[in-house]
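A.B. asks: Input: one structure, supplied below.
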Amino acid sequence: MTPDQLYPLEVNPKTLEPFLRLRKRKNIILTPPRWEDAPHFVPLFNDPRVYEGLLRPPLPYTLKDGEDWLQLTKPNTDALLQELKDAQGSDSLKIIDGCPVSSIREVKEDGTDILFLGSIAITRCTFPELIDTDSVDWEHKEEKAAANEKLEVGDPNIIWSIGVPSALKLAGGGTRLRTASNTRTGLQYELSDDSEATKAIAALGYIINEDDSPVCNTSAMLDHNNWQPLERNPDTQELFLRLRKRRDMIITPPRPEDVDNLFKTLNDPRVYNWMETTPKPYLRGARMFFMSEKKSSGHNYAEHAKAAWSESQKSADDAIKELEKASREHPPKLVDVCPFRFVRKVHGDGTDEFVGYVIVCKCPHGELMDTDTVDWERKAENEAKNASKLPGDPTIVWTVRGMVPLPCSFSHSKTCYLLLFTMLDHTKWHPLEKNPVTNEFFLRLRKHRDIVITPSRPEDVNSFLETLNDPRVYHWLSSTPHPYLPGTRYLINVKAGETLTYIPPEHAEASWAKSKTRSDEAFEELEEASRQDPTSLVNTCPVGILRKVREDGTDEFVGEFKMGRTPHGELLNTDTVDWENKAENEAENARKENGNPTIIWSIGNFIAPKFHGQGIMTDVIDTILHDWAVPRMGARHFIVGAFEENLGSRRVFEKNGFRTVRVIQKFKEIRGEWRKMRACIVSPSTMFDHTKWHPLERNPVTNELFLRLRKHEDIIMTPPRPEDVDNFLETMNDPRVYHWSVSTLHPYLREHAEATWAESKKRADGALADLEEASLVDPPRLVNSCPVQILRKVREDGTDEFVGNFKIRRCPHGEILNTDTVDWEHKAENEAENARKELGDPTIIWSISYFVVPKFHGQGIMTNAVDTILHDWALPHMGARHFIVGAFDENVASRRVFEKNGFHTVRIIEKSKPFTPPMANPQLYPLEVNPKTGEPFLRLRNHKNIILTPPRMEDAPVLVSFLNDPRICDCLSGPPYPYTLEHAEFWLKMIKSFSDGVLRELEEGRDKPEPKTVGDCPVRYIREVQEDGTDIFIGDASFVRSISGELMGPEGPEKIDWENKQKREEENNKLPVGDPNILWSFGDFLAPSHHRRGIMTDAFATLLHEWGIPRMAIRRMWVIAFTTNTGSVKVFQKNGFKVIATHENHHEAKGKMRSIHLLEWKYGTK
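FYI, full-length UniProt numbering numbers position 1028 of the sequence shown as 1028, with every residue one higher than the one before it.
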């Protein structure tokens, strides 16, 4: 691909004026000077805040002075621009002798700009008396100026100057000349003494020389090239690299305090869980082994954090030394290391804080190079080969590593990331985390991330004592004594001879001891369960004390949470309070095996008054139920009690899906008062009832079941409805959707949508029938699917709209099961084996697929849908534990959906061929098909609202108007003039037959595995798609075999041979389809209303690269353009054509002789 010679300039699409946008102030641009700038010079250069900082402008400055200045500078600017335009099509960027943009302008919100703010110009040094001398050398001024001017363009020895007259409100005074040299750019700048301009220039990195001697030289310029884009902190002299988009983020070398930063960060499980080689725990006292260069020298040990910091420091120092060394050479050498790793956030006061680190290095994963499998045998060899390559070698494979892994592919081909998700990390501790300093386990709340649940500690005795003596707490507890002091509530039996003695411990100590025992027994149970089966259920939760974590890492007591088999046997198996059978009911409930969904569980809790009203206990119950009770205990049925007056506690349970089943008027006498108790359980329509419908709800109006998303409460999932056929049809024909689908047919026709809907309906009905059958068994069985699949957004009026589709099923990708490679041979066998496994088997591999309507993209809906389905359905109702999903590497959004739900990448599958969505007729690729009309079309690469279609007979009237427009017909040789409706209808009938013939040929070859090479393109008429889906005809673009036989002679295109024209064209036409020797041409026109928008450039590029090269085997083209048609010439030059001949008065067209340019394009050339 040839470079754009105007780069990095942009072009105003309306005025075609080039401009350069400032890096930081995006509303300020630099443009060429304009004639209308002259009046704006007058007030500017007569302002003392400007002219006193400049040396040369006349005073007073008149309008004529401004016009004279433009007469001098504008032709130079125009010449530079013309030089760049003439160089378009060259293989490399052209070096020129100046910059074509110098006028500073501010762009307003309406798109206009302030005519003139100031100017900045780079020219060859205008003060030669200062070159190569420590004094002012007027004697040799002219000689030095001539020598500097004689240096060829691009010579690094040229001395340049920069001038900055501007409307930047530069105040100042004095006239003594001073010289500034920029240490980063190596440019000189002359300014008068004591002016604010001096300070402004100094702030930009210039060194002000009091002795008038310049510092600028070639080595300074080269040094700049090596340090760019680094900046230097003026206070600390520390180099840094600023992030492109997050301008408050910088990357620096390591600092000593980073030892603590590494220690703290790499002990956080949210970080170390994603690090492959980081030791766990990452403790200061632990030692890390380093291989010694000499085996006899023994072992070196260091603390992890200190060692990592030392290695970073050494790498940074080595990198800076390498840059220093490279800067002394010309051209400067490339380096193979970056000196910066540590990412920091800069605050408003100039301080910064540690954010993380990122490393770029030669890839250390030799086992993944040059192979589609994991090749451990050649790992060392591949890494050594990669490491030996010199800096700048484009075949070097690099790796990016950081605190959080960054996706990195090894080629530009389409890559499929396989993400493996283990719902319950099968270790005994999941979802608990461990404090790396105290080694204490904890469970973090879902929403209140600063609240954790831990085992009890000895100091909790005092916390119990203080909290349970507070009337705002004990008043709502039925079994807590008051006062909560040393007494006889909890008794420990000790036998002394034949007499039974009672030892009364303090209440708080007894509560703590009981909590501690419960926690220890839970951990022992986890240990034992993990040795038998990692998925074994347990009988309790090992953490129960709530604590709030402060910023300094310490914490404070918040409250307690207890969960166990219910101690309220009096409320079981009866609608009344049955104290007589209390013990028997509790014993029966206790005998049930872990995992039995008929076990009745209970919850007890209290919270310190200072934390009331913050939603903490609501979050605690939500976290414990979802993250522990259901997955680790198999809990399904809870019964809890709350006093009638305790509205806060009742709301806590109601928010978590509990509902009141009875109110007991005289439940119990407590502290001399009979209290009314409200018993709450979970039931159908609530969260944890084990009946067939949980956690589904039912629409009371339509009777339709639905599942509400956890976070997006206005999004629900329902079974499919008949109207979803149209929803499928519209969504799956949107390229923003089908582009990411592996198996969706394209074009997606109504018959496909109906088939998809029927399959979805069958799956939903089957799941509902499954639920009905499962509910008849006690305990209820697991099911194989989910009955709700369609996502909908509920509006305020109760109606809803289609959002997307979600499907969960046993993995259909047998080719990637049980292997580290893609094993197509055993695909069916692997899938059959996975399908045979009984429900509840934790080794079943499940899969997820989905799509979302584009208008709902980027709202986190699918992330929430995956979270809801996994936690509320797949785990409790399907027994799902293992998931494998796939996502294309470019589909960053989909990968993030899975990563946010705990999936991680386990394999990358490289595709040797570009992925294309399956099509109804794959031979049409890359054409799309309008699902309503069945017409094929090709969408332009850059102008997404412009398409190419076959010609239509109804185009005739518009075609007549186009080909009678002098702005079109004067640029064409062939069409008759005037152009009549009969001409148009004849032409359309002929070219439509060509198009239909190609489409028939493609239809006949639909079953062939390889794309068929054809002799024409079936789409050529350019249309603009309107917002309502209709389109308008705006032009024509088509390939034809060349009709320039008069230029095909052996003497080359410079020689015109009219005599053999027909013979050579016939020879070209006889070459078979697909022959690379065919000489092709291109014909086109575009409606004047759409000129100067880059549409034809885009249309040609799209046709050539999407159809001409791959489907017609086009390898060489000649096109002819009238010399007066500069627009057409530019279109072809932008697409890689070069003018190879120009002929004056080549032929007659429309009654006058026309001169032509002949342009050539060859495949494989830039």
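Virtual Cβ for every residue (Gly too), placed ideally from N, Cα, C.
1) Can you tell me which of R1154, G1164, L1158 puts its alpha carbon nearest to the alpha carbon of residue 1167?
2) Is residue 1169 helix, strand or coil by DSSP?
3) Which class does N1145 belong to by DSSP, given the choice of helix, strand or coil?
4) Measure the Cβ-Cβ separation of A1037 and A984 and say whether it is below 8 angstroms.
5) Answer yes or no: do K345 and D336 have a C-beta to C-beta separation smaller than 8 angstroms?
6) Could you check what DSSP says for G1074 in three-state terms: helix, strand or coil?
7) Measuring CA to CA, which of H826, H904, A1087, I396 is closest to L963?
8) Just grab the DSSP bridge partners of M249 for me.
9) If you reduce the DSSP assignment to three classes, tell me which class C969 lands in.
10) When DSSP builds the beta bridges, which residues end up paired with residue 1167?
11) Indicate whether at least one CB of chain B lies closer than 8 angstroms to the CB of N581.
12) Assuming contact is defined by CB atoms lying nearer than 8 angstroms, are K548 and N605 in contact in what I supplied?
13) From this set, N539, L526, F464, L546, which residue's C-alpha is nearest residue 1186's C-alpha?
14) Tell whether a beta-carbon distance below 8 angstroms holds between D37 and S102.
15) Could you tell me the distance, in whole angstroms, from the CA atom of E551 to the CA atom of T905?
16) Quick one: Cα of D235 to Cα of H140, how far?
17) State the Cα-Cα distance for the pair R881 and A874, rounded to the nearest angstrom.
18) Mind checking which residues open and close the beta strand (DSSP E) that includes T112?
19) Give a yes or no on whether the C-beta atoms belonging to A758 and P787 are separated by under 8 angstroms.
20) Tell me, please, which residues DSSP counts as bridged to Y1021.
21) Answer yes or no: do A1149 and S973 have a C-beta to C-beta separation smaller than 8 angstroms?
22) For the beta strand (DSSP E) containing E556, name the first residue and the last one.
23) Could you pull out every residue in the same chain whose Cβ sits closer than 6 angstroms to the Cβ of A635, ignoring the five residues on either side in sequence?
24) Tell me, which residues are paired with I607 by DSSP?
25) If you follow the alpha helix (DSSP H) that R472 is in, where does it begin and where does it stop?
26) Output the distance between the C-alpha atoms of W1118 and L1159, rounded to the nearest integer angstrom.
27) If you draw a straight line from the C-alpha of I616 to the C-alpha of K447, how long is it?
28) Quick check on this structure: which residue in L20, G89, I29 has the alpha carbon closest to the alpha carbon of G1136?
29) Name the DSSP bridge partner or partners of G1083?
30) By Cβ distance below 8 angstroms, which residues in the same chain neighbour V998 in space, the five residues on each side in sequence not counted?
31) Please determine if the region 617-624 and the region 434-452 are in contact, where contact requires at least 3 C-beta pairs separated by less than 8 angstroms.
32) As a quick exercise: from D867, G641, Y357, I909, pick the residue whose alpha carbon is nearest that of G902.
33) Go ahead and label W1161 buried or exposed: buried means 16 or more other beta carbons lie within 10 angstroms of its beta carbon, across all protein chains shown.
34) Based on Cα-Cα distance, which residue from D97, T517, I947 lies nearest to residue 1205?
35) What's the C-alpha gap between G1074 and P1053?
36) Who does D352 pair with in a DSSP beta bridge?
C.D. replies: In this structure, then:
1) One cannot answer for residue 1167 here, as it falls past the ends of the chain, which runs 1 to 1166.
2) As shown, the chain starts at 1 and ends at 1166. That puts residue 1169 outside it, with no answer to give.
3) Looking at N1145 - three-state DSSP - the assignment turns out to be strand.
4) It is not a contact, given that the beta carbons lie outside the stated cut-off.
5) The answer is no: Cβ separation not under 8 angstroms.
6) DSSP places G1074 in coil when its eight states are reduced to three.
7) Distances from the alpha-carbon of L963 to those of H826, H904, A1087, I396 put A1087 closest.
8) BP columns for M249 point to K345.
9) Here C969 sits in helix by DSSP.
10) Residue 1167 lies beyond the stretch modelled for the chain, which goes from 1 to 1166, so this question has no answer here.
11) The structure shown contains no chain B; it holds only a single protein chain.
12) Contact annotation: K548 and N605 have beta-carbon atoms that are not nearer than 8 angstroms.
13) What the structure shows of the chain is the stretch from 1 to 1166, and residue 1186 is not part of that stretch, so it cannot be assessed.
14) Contact: no.
15) If you take the alpha carbons of E551 and T905, they lie about 33 angstroms apart.
16) Cα to Cα, the separation comes out at about 41 angstroms.
17) Rounded to whole angstroms, R881 to A874 spans 8 angstroms at the Cα level.
18) It is not in any beta strand (DSSP E) - T112 carries neither H nor E in the DSSP assignment.
19) No, these two residues do not count as a Cβ contact at 8 angstroms.
20) For Y1021, which the question treats as bridged, DSSP gives the partners T949, D1036.
21) Closer than 8 angstroms, so yes.
22) Per DSSP, E556 belongs to the beta strand (DSSP E) from 555-565.
23) Excluding residues within five positions, the ones whose Cβ falls inside 6 angstroms are W601, A629.
24) I607 is bridged to G559.
25) From DSSP, the alpha helix (DSSP H) with R472 extends over 471-474.
26) Approximately 6 angstroms, taken between the alpha carbons.
27) I616 and K447 have their C-alpha atoms roughly 9 angstroms apart.
28) Per the Cα distances, G89.
29) Assignment of beta-bridge partners to G1083 by DSSP yields S1038.
30) Cβ within range, chain order: V1014, G1015, D1016, C1017, P1018.
31) Yes, the region 617-624 touches the region 434-452.
32) A check of alpha carbon separations from G902 across D867, G641, Y357, I909 identifies D867 as the nearest.
33) Looking at its Cβ environment, which holds 16 or more other Cβ atoms inside 10 Å, W1161 is buried.
34) Residue 1205 cannot be examined here, being either before or after the span of the chain that is shown, 1 to 1166.
35) Cα to Cα, the separation comes out at about 24 angstroms.
36) For D352, which the question treats as bridged, DSSP gives the partners V346.
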